[in-house]
Every structure is written in structure tokens, then in C-alpha cells.
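Protein sequences, first through last, are from chains Z and B. Everything in the first sequence is counted per numbering that gives the first Met the number 0, starting at 0 for the first residue and increasing by one. Everything in the second sequence is counted per numbering that gives the first Met the number 0, starting at 0 for the first residue and increasing by one.
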Amino acid sequence: MSRRTRISVAWVALAGLAVLLVWAYAGLPDFGHYRGPYGFVLDRIATPDRHMANVVNATTYDIRGFDTMGEEFILFAAVVGVVLLLRGEEDEEAEDAIRSDLVRVGGGLAIGLLFLVGLWIVAFGFVSPGGGFQGGVALASAVVMLFVAVSYRAWRRVGQETVLDPIEGLGAGGFVVVGLAALASGLPFLTNFWGPGIPGTLWSGGSAPLVNWAAGIEVCAAMLVLYTEFLEAHVVPSIRGTT
Amino acid sequence: MSFLPYAVAVWVCIVGLFGIVTSKNLIHLAVCLTVTQSSTYVLLLAIGYVQGGGPPIFKGVKLGTTSVDPVVQALTLTDIVVSVTVLALILALALDVRRDAGTVDPDKIGELSG
């Protein structure tokens, strides 16, 4: 099919789809008039019943925890796919390309700050906006600053499979282990056990904070594996080519 | 006015799909796919919005205060994380195509061979 024909066919198809979507969305409750009931039920039960102040995280890590576990494995599978496609043979060490001391010092300070922010988002995000998924990405960005602004050699100590793969496994496996621990104590899989705690504090919601940390570790390691693979496969060779 | 967020969701979805169909570059195509997926975030959050509702976090807020739907927010959250990693997988495939076919233009890749 020529490009021109394809685009004209697409116009017709997209116009049809747009009409169908508008028709479908017009049947939804008006914006701002959410009818529930699930959201309202969760808002009402999450704090008294699950002892969690953040209902979004109560949904993600407790009430819908099994679903989140599935999603974590989508993440895991996608990362494994990238690794299969990009991971090549070990190549030799490259020279450090960053020569400016100012950049290095600034980068080093930024790593500490970013890492702290990441930990804060994982830990306190559990009771205020944030959580394991968001904090994990922030933690990974802190570590990749090593490559961007400090030193390739320092990055290589972290950005390699022997370091990252076990951490990723720990995150993905930790989630399942928390689920199995509930099973071992005679409860259904991923039941929230281990004392309720005080809502609004870091140790609230029973085993859900453990799941939150497992997700944080998993997301952080998954992002770092992705960065490592892309950097080693494409960015590092091009730096080597120019220096 | 009350249909506007839904109209945005429709528009973002259609624009992304149009980009995918007309794309001349696999990386541009992957970005268009992300744009299409973003329409699901707009739709989900628009459905869950409650007029005058606060965030669904009951720390220092009286229980029973009107808040937006937490379920769609949790869905959007995991949706974003998964979309990022799937995007990485697609980009890795694009790099593979570039290596094998020497181009990232979907029209010029030609016949698939095993």
C-alpha cells in the first residue's frame, strides 16, 4: 500500500474512531460527577480498616496488591526483553570523558541530594503523595548521575549486570515473598498481615510498606538495567569513537 | 465545559494514532504510541475527578472528606511505569532494526527475513 493510500485510509478510520470515542465518552458521568461506588468505599475503609492514610497506595499495594504484582512482572519481562536485545559481550574499559572538576563536584553533590529525595519519596510517599514506583525512578536517576556528571569508571562499578540483576531480582522476588509469607502463616496470598500500625506514620498498613519498598527497589533496579543496556550498547561506543 | 476533559482524551488518542500511521521514523513512532497511551491517563483521571474533591490522602484531613477516586489514580500510576519500560523495549527493537536494516523508516525496512 502506498503512503498516500495508507494515510487516506487512516483518515477515514480515525474519523470513525473519533466519532465512536466521543459517543462512548458522552455516556460517561459528567466531569466532576464521579458516581462511584468503589472510590468512595475505598476512601471510607482504607484508613479505619487498613490503617493507611494514602488511599492510592492502599489500593496499589494492599487492596489491588495482587494486580500490582502482575504489573511488576510486566516491568520485569520488558526489562528482560531489552537485556536480551541489547546485552552484548563485555567490552573494554573506556576513558573518563568528564574532565571538568566543577561538573564532577556538582554532580557528586546532586547524587546525594537526588538519592535522599528518592528515599524520601519511597518512604514518606507511602503516607503522603508518592510511593515505591515514583521513588524508584527518582533513585535510579540519582545513580545515573554518576554516568552523566561524575565518572564513567565510578558508574561502571554500579552499572553492571552482577550488581543490578540481583537487586532487581530482590525487588521482584521480595513482592512475592511478602505474599508467600501471608500464605505460610495460614492466610490467603498477599493478605495484609503484621499488625496494623498507626495511620499516617511510616509503619502503618501492616505488610503493605514492605511491598512498597519491594516495588521501589524493583523499579529502581529495572530503570538502572535499562540505562546500563542503552548506555553500553550505544552511548559509550559513540563517546569512544569521538575521544 | 463538562465534556472538555473527555474531548482532550479523544483528541490525544487520535493525534497519537495519526502520528503512528504517518510516521517515517521508528523512534517517532514509539513516541506517538506513548502519546496515544497518555489519552488513557487523561480519561482515567477525568472519570475519577469529583467536583471540589481533595487528594485521597487522609492525613490531617477528617475521614469522609470529599476526595477524588483513588482507584483510577492507582491504575494511572502503574500504567505510567509499565508504559515507560515497554517504551524501552520498543526502542531496543528499533535499535535492532537499525542495525539489521540500516534504517529506522518503517516504509524502507522492506521484507522481513528470519
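The beta carbon of each residue, even a glycine, is placed where N, CA and C say it ideally should be.
Below-7 Å beta-carbon distance, residue i vs any chain Z residue
| i | result |
| --- | --- |
| B/S82 | no |
| B/P55 | yes |
| B/K58 | yes |
| B/G104 | Here residue 104 of chain B turns out to be Asp, not Gly, going by the sequence shown. Output row for B/D104: interface = no. |
| B/A93 | no |
| B/T77 | yes |
| B/D99 | no |
| B/V85 | yes |
| B/I108 | no |
| B/V96 | no |
| B/V14 | no |
| B/V49 | yes |
| B/V196 | Nothing in the structure corresponds to residue 196 of chain B, since chain B is present only between 0 and 113. |
| B/V20 | yes |
| B/V7 | no |
Buried/exposed call for residue i, threshold 16 Cβ in 10 Å
| i | result |
| --- | --- |
| Z/R98 | exposed |
| Z/Q133 | buried |
| Z/T242 | Because the pLDDT at Z/T242 is just 45, under 50, the model does not fix this residue reliably, and the value given afterwards should be weighed accordingly. Exposed, by the Cβ-count rule. |
| Z/G204 | buried |
| B/T65 | exposed |
| Z/I6 | exposed |
| Z/V81 | buried |
| Z/A171 | buried |
| B/L88 | buried |
| Z/M144 | buried |
| B/Q72 | buried |
| B/L90 | buried |
| Z/V149 | buried |
| B/S1 | exposed |
| B/S38 | buried |
| Z/I197 | exposed |
| Z/A25 | exposed |
| Z/H50 | buried |
| Z/W154 | buried |
Short CB-CB distance (under 7 Å) between residue i and chain B
| i | result |
| --- | --- |
| Z/G106 | no |
| Z/A52 | yes |
| Z/E231 | no |
| Z/T242 | For Z/T242, the predicted structure reports a pLDDT of 45, less than 50, and the residue's modelled location is therefore unreliable. A value from the coordinates is still provided. Answer no: the Cβ-Cβ gap between Z/T242 and chain B never drops below 7 Å. |
| Z/L74 | yes |
| Z/T248 | Not covered by the structure: residue 248 of chain Z. The range shown for chain Z is 0 to 242. |
| Z/E70 | yes |
| Z/A171 | no |
| Z/D100 | no |
| Z/G87 | no |
| Z/V81 | yes |
| Z/D95 | no |
| Z/M0 | no |
| Z/A77 | yes |
| Z/D164 | no |
| Z/G199 | yes |
| Z/V21 | yes |
| Z/L84 | yes |
Cβ separation of residue i and residue j, assumed to be a contact under 8 Å, to the nearest whole Å
| i | j | result |
| --- | --- | --- |
| Z/L20 | B/V9 | 5 Å |
| Z/L41 | Z/I62 | 7 Å |
| B/P69 | Z/T67 | 13 Å between Cβ atoms; not a contact. |
| Z/L13 | B/I13 | 5 Å |
| Z/L201 | Z/V126 | 7 Å |
Residue i: CB within 6 Å of a non-hydrogen atom of the ligand MG
| i | result |
| --- | --- |
| Z/I110 | Summarising the ligand content, the structure contains no ligands, and the ligand MG is consequently not present. |
Cβ-based contacts, 7 Å cut-off: residues of the segment 145 to 157 of chain Z near chain B = none
Under 7 Å (Cβ pairs) to chain B, residues found in the segment 204 to 223 of chain Z | V218, A221
For the segment 22 to 45 of chain B, enumerate the residues whose C-beta is nearer than 8 Å to any C-beta of chain Z, in chain order.
-> L42, A45
Give, in chain order, every residue of the segment 53 to 64 of chain Z whose Cβ lies closer than 7 Å to some Cβ of chain B.
-> Within the segment 53 to 64 of chain Z, the residues whose Cβ lies closer than 7 Å to some Cβ of chain B are N53, V54, V55, T58, T59, R63, listed in chain order.
In the segment 60 to 116 of chain Z, which residue ranges form an unbroken alpha helix (DSSP H) of at least 4 residues, counting only runs that do not cross its ends?
-> 64 to 85
Given a limit of 8 Å on CB to CB distance, which residues of the segment 23 to 37 of chain Z reach chain B?
-> Y24, A25, L27, P28, D29, F30, G31, H32, Y33, G35, Y37
Residues from the segment 115 to 138 of chain Z in contact with chain B, defined by Cβ distance under 9 Å = V126, S127, P128, G130, F132, Q133, G135, V136
Near-chain B residues of the segment 2 to 16 of chain Z (beta-carbon distance less than 8 Å), N- to C-terminal order | Cβ contacts with chain B come from R2, R5, I6, A9, L13, L16.
Contained alpha helix (DSSP H) runs [length at least 4] in the segment 194 to 220 of chain Z, N- to C-terminal order = none
Enumerate, from N- to C-terminal direction, the unbroken alpha helix (DSSP H) stretches of 4 or more residues contained entirely within the segment 108 to 164 of chain Z.
-> 131 to 144, 151 to 157
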